[in-house]
Structure formats: C-alpha cells, structure tokens
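S.K.:
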Amino acid sequence: MTIEQKAHIAEFLDLASAYLRSGYKRQSTDDKSAAPVAVEPAAPQAPLPESQLEAIAPPDTHIAGISNDEAGMDTLEAIAADIAACAACPLHATRTNTVPGEGVSSPLVLVIGEGPGENEDKSGRPFVGEAGQLLDKMLASINLSRGENSFIANVVKCRPPHNRDPLPEEIAACAPFLTRQIALLKPRVILCAGRVATQTLVKTTNSIKNLHGHFIECAQIPFFPMYHPSALLHDPSLKRPSWDDLKTLRVRLEKLAALKV
Ligand code: URA
24 MTIEQKAHIA EFLDLASAYL RSGYKRQSTD DKSAAPVAVE PAAPQAPLPE SQLEAIAPPD
84 THIAGISNDE AGMDTLEAIA ADIAACAACP LHATRTNTVP GEGVSSPLVL VIGEGPGENE
144 DKSGRPFVGE AGQLLDKMLA SINLSRGENS FIANVVKCRP PHNRDPLPEE IAACAPFLTR
204 QIALLKPRVI LCAGRVATQT LVKTTNSIKN LHGHFIECAQ IPFFPMYHPS ALLHDPSLKR
264 PSWDDLKTLR VRLEKLAALK V
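Going by this note's numbering, the first residue of the sequence shown is number 24, and it counts up by one from there.
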C-alpha cells in the first residue's frame with residue numbers, strides 16, 4: 024500500500040473525529056462542507072504481499088484521535104435518524120427506505136458493502152436478498168453473525184437506481200455516516216465486500232482480484248477485501264478463493280483471541 028493510500032484511510036477515519044467535535048447533530052444534512060471523501064483514482068498497484076499478522080489496538084483504544092468520550096456522544100440510533108433525514112444527494116429522491124445497517128454495537132467485524140439493492144430498499148435492512156443470505160452463510164462458516172458479533176453496513180445508505188454503482192458524489196455525500204459508524208463501532212476488522220467498498224475505502228483502482236484476501240493495515244483497523252457475495256452468485260469459481268479468504272480472516276481473528284472457533 025502506498026503512503027498516499029495510507030493517508031487516505033487515516034483521513035477517512037479522521038473525518039469522524041471532525042464530526043463528533045463539530046456537533047454533527049446540529050449540522051444540516053446538506054452541508055457540503057461535511058462531505059469530504061476524495062475519490063480520485065490512485066495509481067494502479069501490484070498485488071499486495073501476504074498479510075502481516077500484527078496485533079491491533081485493543082477495543083478501548085482511540086481510533087484516529089477520537090476519544091472514547093467523543094465517540095460515546097454518538098449512537099447508532101442518532102446516525103440512523105440522520106441518514107433517514109438525509110437529502111444530500113439525488114438518491115434520496117428515489118429511495119423507499121434508507122438502509123443504515125444492522126448488527127451488534129461492539130462488533131468484531133464490520134462488513135461494508137456497496138449499497139442497498141431492491142430488497143434492502145424495500146425492507147430498510149442491509150443484505151437481505153440472495154446475496155445477503157449467502158453473506159450470512161459465509162460469515163456463519165467462521166462463527167460470525169450480525170446477531171452476535173458483526174455489523175453490516177454499506178458505502179451508500181440509499182439504493183442507486185437499477186442497482187448501478189454509486190457515483191463518486193453519492194459516495195462522498197454518504198461518507199460522513201460511514202465514518203461515524205466506524206468511529207462508534209470500533210470494529211476489530213473491516214471486511215470490504217466487493218470492488219466498490221474496497222476501492223472507496225482503500226482509495227485504489229486496483230482490482231478486487233488483486234486485493235481480495237490480503238489485510239491492509241492502517242489507522243488501527245485492518246481492512247480485509249473480499250469478493251462481493253453477488254459476484255459469487257454470478258461466478259461460482261470465486262467460491263473457492265472466497266472460502267480461502269474466510270479462513271485467512273478466521274486465523275486473524277483467532278490470533279486476536281477475539282473469537283473462539
Ligand atoms: N449488496 C450490497 O452491497 N449491499 C446490500 O445491502 C445488499 C446487496
């Protein structure tokens with residue numbers, strides 16, 4: 024990973040600090056000063072080396088300069104309410120429901136997908152369609168679930184029409200919600216599900232084919248890119264490498280002594 028990419032991830036996480044310090048609850052959701060994620064493409068990079076099994080910060084450690092007191096001012100309910108009221112990008116006009124995410128409040132793993140699809144838009148819940156059912160099975164295979172030790176969210180919280188990729192300006196408008204979620208949840212690992220989540224969080228144009236299965240160590244929380252479950256539904260040959268990736272993730276979680284498997 025380049026220094027530039029590391030700086031981007033640190034910046035991404037630092038955004039939460041700015042929000043918490045500036046009284047985000049009083050900000051208008053269309054405050055353009057509050058949408059700072061840059062999405063300009065980075066130079067392509069070579070495949071990453073094998074993951075480094077470094078210890079990461081314990082759960083009560085500050086994330087990117089956010090004190091526990093500051094993060095403690097925020098709540099999942101407040102974030103969901105702000106998302107429900109958001110009209111910062113055109114996606115608000117076509118949504119049925121916002122999809123803030125769901126799971127436990129102190130997750131081992133935060134799964135970040137790309138954005139709600141039709142089923143998610145109808146239900147207001149993340150990953151409930153066919154891809155979501157596969158995701159649940161994949162997580163269950165390494166003793167993870169949204170009910171017990173994980174949280175599932177998306178880069179954008181409203182459905183892009185016809186399931187197209189979210190646009191850079193839509194991602195930027197929604198980024199403050201994700202940074203607040205990361206700051207509040209303090210996951211041990213962030214699982215980037217698919218190309219859009221990975222390229223957004225890692226700020227790279229490198230392919231998910233190159234990035235999947237490698238930990239990207241940064242800003243106290245390691246990122247772990249994987250193929251999106253819907254890619255596995257379209258291309259079953261991705262199931263084997265995805266299973267290998269799940270095993271890599273499980274080894275990491277075992278090393279953190281955070282999960283008994
Ligand atoms: N795909 C995603 O990326 N997110 C969802 O919530 C559902 C499908």
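For every residue, glycine included, the Cβ atom is placed at its ideal position computed from N, Cα and C.
Using a threshold of 7 Å, is the CB atom of V134 nearer than that to any non-hydrogen atom of ligand 1?
M.R.: Locating residue 134 in the sequence shown gives position 111, counting from the first residue. Not so, every heavy atom of ligand 1 lies at least 7 Å from the Cβ.
S.K.: Just list the residues that DSSP pairs I175 with in beta bridges.
M.R.: Along the sequence shown, one-based indexing puts residue 175 at 152. Looking at the DSSP assignment, I175 forms a beta bridge with E125 and V134.
S.K.: For a test of the three-state rule: what should DSSP assign to F238, helix, strand or coil?
M.R.: Along the sequence shown, one-based indexing puts residue 238 at 215. Of the three classes helix, strand and coil, the one that applies to F238 here is coil, per DSSP.
S.K.: In terms of DSSP beta bridges, what is C215 paired with?
M.R.: By 1-based counting over the sequence shown, the position of residue 215 is 192. I135 and P248.
S.K.: Just to confirm, is the Cβ distance from P183 to G236 under 8 Å?
M.R.: By one-based count along the sequence shown, residue 183 stands at place 160. By one-based count along the sequence shown, residue 236 stands at place 213. Cβ atoms of P183 and G236: not closer than 8 Å.
S.K.: Within the same chain, show all residues whose beta-carbon is closer than 7 Å to that of E153, passing over the 5 residues directly before and after it, in chain order.
M.R.: Looking up residue 153 in the sequence shown gives position 130. Within the same chain, E153 has close Cβ partners L256.
S.K.: Could you have a look at V151 and say whether DSSP puts it in helix, strand or coil?
M.R.: For the purposes of this step, residue 151 is identified with residue 128 of the sequence shown, where counting begins at 1. Of the three classes helix, strand and coil, the one that applies to V151 here is coil, per DSSP.
S.K.: Starting from the C-beta of I165, find all residues in its chain whose C-beta is less than 6 Å away, skip the five residues before and the five after it, and write them out in chain order.
M.R.: Within the sequence shown, the letter at position 142 stands for residue 165. Correct list, in chain order: L269 and R273.
S.K.: Sorry if obvious, but does the Cβ on A154 come closer than 7 Å to a heavy atom of ligand 1?
M.R.: Taking the first residue of the sequence shown as 1, we reach residue 154 at position 131. Yes - ligand 1 has a heavy atom lying nearer than 7 Å to the Cβ of A154.
S.K.: Hey, how far is the Cα of E277 from the Cα of P130?
M.R.: As a first step, residue 277 must be located in the sequence shown, where it is residue number 254. As a first step, residue 130 must be located in the sequence shown, where it is residue number 107. Distance between the alpha carbons of E277 and P130 is about 15 Å.
S.K.: For G126, which residues from the same chain have a beta carbon less than 7 Å from its beta carbon, with the 5 sequence-adjacent residues on both sides left out?
M.R.: Indexing the sequence shown from 1 puts residue 126 at position 103. Same-chain partners within the cutoff: R169, S173, F174 and I175.
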